[in-house]
Amino acid sequence: MTDYVTRSLGHDEHPLRIDGIAWPYHLGAWLALIFLGILVIGVIIFLRMHIWMLTTKFAVTDRRVLMKTGWLSLHTQELALTAIEEIEIDQGFWGRLFNFGRVRIGGSGAGHIVSPPINDPVGFRALLGDARDAYFEHSDRMAAQRL
């Protein structure tokens, strides 16, 4: 701006004062950037988390454990009930207080599935154990009938 003023001066014309914008306007601009920037970032984070929550499914069937994530891209994991070797629960302080947590299901070989945060992970572990027992009982009965 100073260049424009000095270039605009006439012959033998001298500037007495050249000012910019008062500092409160600079402060207002920075505050707007900070707070509205946080708002925009917050909206982006909210949308990303909400889409993840809506598109992530975790299920146990009578034969396997399934997990699906993704909307535009898809990622699935499956583990047969017969391949399950260990079940671990990860619950922090807030998870214990509000009864949510993650379940890690380890399978034979290198396979494992880590659940998203789910409600009642202890109950889920019990259900998984019951489903596994029922599967083996059914398999044993079918094998006995064949003999």
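Here the sequence shown stands for residues 10 to 156, numbered as in this note's numbering.
Beta carbons are placed, not taken as given, at the ideal position from N, Cα and C, and that holds for glycine.
Since A68 is in the beta strand (DSSP E), which residue starts that stretch and which ends it? Translated into positions along the sequence shown, residue 68 becomes position 59. Looking at the DSSP string, the run of the beta strand (DSSP E) that includes A68 is K66 to V69.
Mapping the DSSP letters down to three states, classify H84 as helix, strand or coil. Reading the sequence shown from its first residue, position 75 is the one you call residue 84. Reduced to three states, the DSSP call for H84 is strand.
Under a Cβ-count criterion, where at least 16 other Cβ atoms within 10 Å of its own Cβ denotes burial, should V74 be classed as buried or exposed? By one-based count along the sequence shown, residue 74 stands at place 65. Result: buried.
May I ask which residues mark the beginning and end of the alpha helix (DSSP H) holding R141? Within the sequence shown, residue 141 is the residue found at index 132, counting from 1. First-last of the alpha helix (DSSP H) with R141: P130 to R155.
Using only alpha-carbon positions, find the residue among I50, G79 and G115 that is nearest to A92. The residue given as residue 92 occupies position 83 in the sequence shown. Comparing Cα positions, the closest option is G115.
Note the first and the last residue of the continuous alpha helix (DSSP H) segment covering G104. As a first step, residue 104 is located in the sequence shown; it is residue number 95 there, counting from the start. Residues F102 to F107.
So, using beta-carbon positions, are I127 and F109 closer together than 9 Å? In the sequence shown, residue 127 corresponds to position 118, counting from 1. In the sequence shown, residue 109 corresponds to position 100, counting from 1. It is a contact, given that the beta carbons lie within the stated cut-off.
Simplified DSSP assignment, three categories, for G116: If you number the sequence shown from 1, residue 116 lands on position 107. Reduced to three states, the DSSP call for G116 is strand.
P130 versus R111: straight-line alpha-carbon distance, rounded: Residue numbering aside, residue 130 sits at position 121 when the sequence shown is read from its first letter. Residue numbering aside, residue 111 sits at position 102 when the sequence shown is read from its first letter. C-alpha separation (whole angstroms): 7 Å.
Compute the Euclidean distance between the alpha carbons of M76 and A152, then round it to the nearest angstrom. Within the sequence shown, numbered from 1, the residue matching residue 76 stands at position 67. Within the sequence shown, numbered from 1, the residue matching residue 152 stands at position 143. Roughly 30 Å between the two C-alpha positions.
How long is the line joining the alpha carbons of F67 and G138, rounded to whole angstroms? By one-based count along the sequence shown, residue 67 stands at place 58. By one-based count along the sequence shown, residue 138 stands at place 129. One C-alpha to the other measures close to 16 Å.
Distance between W39 and E22 (C-alpha atoms, nearest Å): The residue labelled residue 22 in the question sits at position 13 within the sequence shown. The residue labelled residue 39 in the question sits at position 30 within the sequence shown. Approximately 36 Å, taken between the alpha carbons.
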